[in-house]
Every structure is written in C-alpha cells, then in structure tokens.
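Peer 1:
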Amino acid sequence: MATFVFFLVWYVFFIIAFGLGFYILLHKKPKDATTITSKATASDDTKTACAKEDDYEFFNSPWLSLVKTSTMFVGELVSKSTFKKYVSENIVDELLQNENSLELGGAQNEVCVLFCDIRGFTSLSEKMKPAEVVYLLNNYFEAMIDVVFSHNGTLDKIIGDELMVLYGVPLKGDNDSQNAVNTAMEMFKSLEKFNRQMSEENLPELKIGIGINFGKVVSGNIGSEKQMNYTVIGDAVNLAARLCSHAKSGQVVISESVYNQISNQNSFETQTPIRVKGKSNEINNWIFNA
38 MATFVFFLVW YVFFIIAFGL GFYILLHKKP KDATTITSKA TASDDTKTAC
88 AKEDDYEFFN SPWLSLVKTS TMFVGELVSK STFKKYVSEN IVDELLQNEN
138 SLELGGAQNE VCVLFCDIRG FTSLSEKMKP AEVVYLLNNY FEAMIDVVFS
188 HNGTLDKIIG DELMVLYGVP LKGDNDSQNA VNTAMEMFKS LEKFNRQMSE
238 ENLPELKIGI GINFGKVVSG NIGSEKQMNY TVIGDAVNLA ARLCSHAKSG
288 QVVISESVYN QISNQNSFET QTPIRVKGKS NEINNWIFNA
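Numbered by the working numbering, the letters in the sequence shown go through residues 38 to 327 in order.
So, in structure tokens, the structure goes:
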C-alpha cells in the first residue's frame, strides 16, 4: 500500500506540473505587451517590470481548482495509508470525514484495553535463528492485527512480542468491551490456523494469553516535542496488563467491568479473586479457556 501511494503521489504531481507548464506557455497574455520593460530616466540601467498575476489566464482558470483538488486527494490518500496501520478502514473514513472525531489534546475517556502476549517466547526465540524470529513474529502480528481491525480495535503499540489494543478511542463503539472479547476469542481461532501454516515451514507453535479491562483512562499525544504517540495511560491500563500476566496459555482473563457489559457471559468461568501489583483489594475475574 505504501509503495502504491508513493508512486501515485509522484504520478499526480508529474501530470499537474506538466499540464501547468504547457498551459502557461500557450495562454500567456499580458494586458499591455508594449510596456514590459522601460528605461530609468536617472541612469542607464534597464529595469524589467514583472507581469502581474492578473496577466495570466491561469489564475482564473480551472487549473488552479485542479491543483487544489489533486493536492487534497493525494493528502487524503497519504493520511489513509498512515491511519490504516493503526486502526480499521471504517474508522479511518470516519476520522477523515469528521475532523472533530479525533481529540488531539489530553482527554478522559472510558476505554477497553486488551493485552495479548506470547507465552514463553523468550526461551523459544533463543533456539531460533534471528531471521526466523523476525519472520515468525511478523507473520504472527499480521494475523492478529487483522483480527483487531475486523472488530474496530485500535493498535496502540507492539511491546516486544505483546500487543496493546484499544477499544473506544479514537472513536467509541456500540459496545467496546464486547468488541474486545470478540477479538480475543477470534485471536485463538486465527492462531490455530497460523500455527498450522508455520508447522509446514518447520517453525514452532505459538501460545498466547490475553487480559482485558474496561475503565477510565487519559488519552492523548504523550511524549516529547521530538517524538509523540497517541496512547492511553491510567490505572485501567495497568490492570489490563496485570490480568494478561495472570492469564495462562490459551486463556482470556477479564475484569468485572468487562464481564458486566458482554452478552456471552456463559462462556466465562468465575475465578477466585486475585491480588495484583498496585491494588490493595483483590480483583474479581472471569476466565475463558480456548
């Protein structure tokens, strides 16, 4: 997609530049062709008077509109290509149609956060060649991120072999917690297919654990003047990460705030409350076994 956009941009600008030059050469019509240059009375220096913008039909021609339209078109394509690396296509379209949909400043939002981590990948990677590790991870992330986007999730970041996904920013859905849970369940189905494909190439099987939590977070562009990223921070994010750490291979662990909002509660089993770092009280949790 990036290569296509690159060549499309250059192609459009080439056509515009060629057309502008050709048009100006054919339609140059000064209002007064006899007084383009004049001699100064106080010296022998010759001064050349510049033709005014109004001397050219271009400035009142359809070409100016074409330039503006083409520039906007190319800009939108580039924006779409960039956004689609992080969010699904329908969210990209909504953001481009409604500029106010994306809050660039800091704001408090209710967001569902999903963490998905590969179990035992560090020890697994030590037995593999570097090229194999990169190949395996890239194909794995492609499969998982496709699932994320199909449920309107936003890819916040990739942390090593872990995915952090958001639901509810930059745009809220009808039920962000349900979308997150649906994503988690489909991830396991996609992983089964992925593992079968990798086994045919003599690559190891991957196993994952997932944690999901819903709560208030602070969202916005966070970083320095030189480098900023749109992300979320807060206690709700930390709890989602703790639940992911608690999940065993093949499990989805959700908090009470998520459980209360989903329609498929019967797919989850009630667990003994757990203690997590940073929380004084025990956390109620439910587990889905894939």
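Yeah, the Cβ is synthetic: ideal placement off N, Cα and C, and Gly gets one too. For clarity, every value in this text was computed on a predicted model and none was experimentally measured.
On the DSSP bridge list, what partners appear for residue 250?
Peer 2: Answer by DSSP bridge pairing, in chain order: 150.
Peer 1: Can you list, in chain order, the stretches of the alpha helix (DSSP H) that have 4 or more residues and sit fully within the region 271-323?
Peer 2: The qualifying runs are 272-283 and 293-296.
Peer 1: Can you tell me where the beta strand (DSSP E) holding residue 199 begins and where it ends?
Peer 2: Start and end: 199-204.
Peer 1: With a 10 Å radius around its C-beta and 16 neighbouring C-beta atoms as the bar for buried, classify residue 246 as buried or exposed.
Peer 2: So residue 246 ends up on the buried side.
Peer 1: Once DSSP output is grouped into helix, strand and coil, what is the label at residue 265?
Peer 2: Correct three-state label for residue 265: strand.
Peer 1: Just tell me which of 292, 314, 265 and 153 has its CA closest to the CA of residue 221.
Peer 2: Ranking 292, 314, 265 and 153 by Cα distance to residue 221 puts 153 first.
Peer 1: Is it the case that the Cβ atoms of residue 193 and residue 208 are separated by a distance below 8 Å?
Peer 2: Not closer than 8 Å, so no.
Peer 1: Go to residue 228, then tell me how far its alpha helix (DSSP H) extends in each direction, as first and last residue.
Peer 2: 213-236 is the span of the alpha helix (DSSP H), which, as asked, contains residue 228.
Peer 1: Quick check: the region 233-252 against the region 285-292, are at least 3 beta-carbon pairs closer than 8 Å?
Peer 2: The region 285-292 vs the region 233-252: in contact.
Peer 1: How about the region 260-278 and the region 145-159: do they share at least three Cβ pairs that are nearer than 8 Å?
Peer 2: A contact exists between the region 260-278 and the region 145-159.
Peer 1: Who does residue 182 pair with in a DSSP beta bridge?
Peer 2: Per DSSP, none; premise fails for residue 182.
Peer 1: Quickly, what does DSSP pair residue 144 with across the bridge? List them, please.
Peer 2: Note: residue 144 sits in a beta bridge opposite 256.
Peer 1: Quick check on the burial criterion: 16 or more other C-beta atoms within 10 angstroms. Buried or exposed for residue 195?
Peer 2: Counting Cβ neighbours within 10 Å, residue 195 comes out exposed, since fewer than 16 surround it.
Peer 1: Pull up the CB-CB distance for residue 305 and residue 324, whole angstroms please, since I reckon it's below 8 Å.
Peer 2: About 6 Å; that satisfies the 8 Å criterion.
Peer 1: Within this structure, are the beta carbons of residue 258 and residue 216 separated by less than 8 Å?
Peer 2: Against a cut-off of 8 Å, the Cβ pair of residue 216 and residue 258 comes out as no contact.
Peer 1: With 16 as the cutoff for other CB atoms within 10 Å, does residue 201 come out buried or exposed?
Peer 2: Classification of residue 201: buried, given that the 10 Å Cβ count is 16 or more.
Peer 1: With a threshold of 16 other CB atoms inside 10 Å of the CB of residue 211, please say whether the residue is buried or exposed.
Peer 2: Residue 211 should be labelled exposed.
Peer 1: Determine the burial state of residue 183: buried for a count of at least 16 other Cβ atoms within 10 Å of its Cβ, exposed for fewer.
Peer 2: Burial call: exposed.
Peer 1: Tell me which residues share the same chain as residue 315 and place their Cβ nearer than 7 Å to its Cβ, disregarding the 5 neighbours each side in the sequence.
Peer 2: Here the set comprises 275.
Peer 1: Give the DSSP-derived three-state secondary structure of residue 173 in the structure shown.
Peer 2: It is helical.
Peer 1: From this set, 166, 219, 232 and 241, which residue's C-alpha is nearest residue 299's C-alpha?
Peer 2: Residue 299 has its Cα closest to that of 219, out of 166, 219, 232 and 241.
Peer 1: In the DSSP output, which residue or residues are listed as bridge partners for residue 36?
Peer 2: Absent from the structure is residue 36, since the part of the chain shown begins at 38 and ends at 327.
Peer 1: Can you tell me whether residue 279 is buried or exposed, with buried defined as 16 or more other CB within 10 angstroms of its CB?
Peer 2: Residue 279 is buried by the Cβ-count criterion.
Peer 1: When the Cα atoms are used, what is the spatial distance from residue 161 to residue 282?
Peer 2: Computed Cα separation, rounded: 18 Å.
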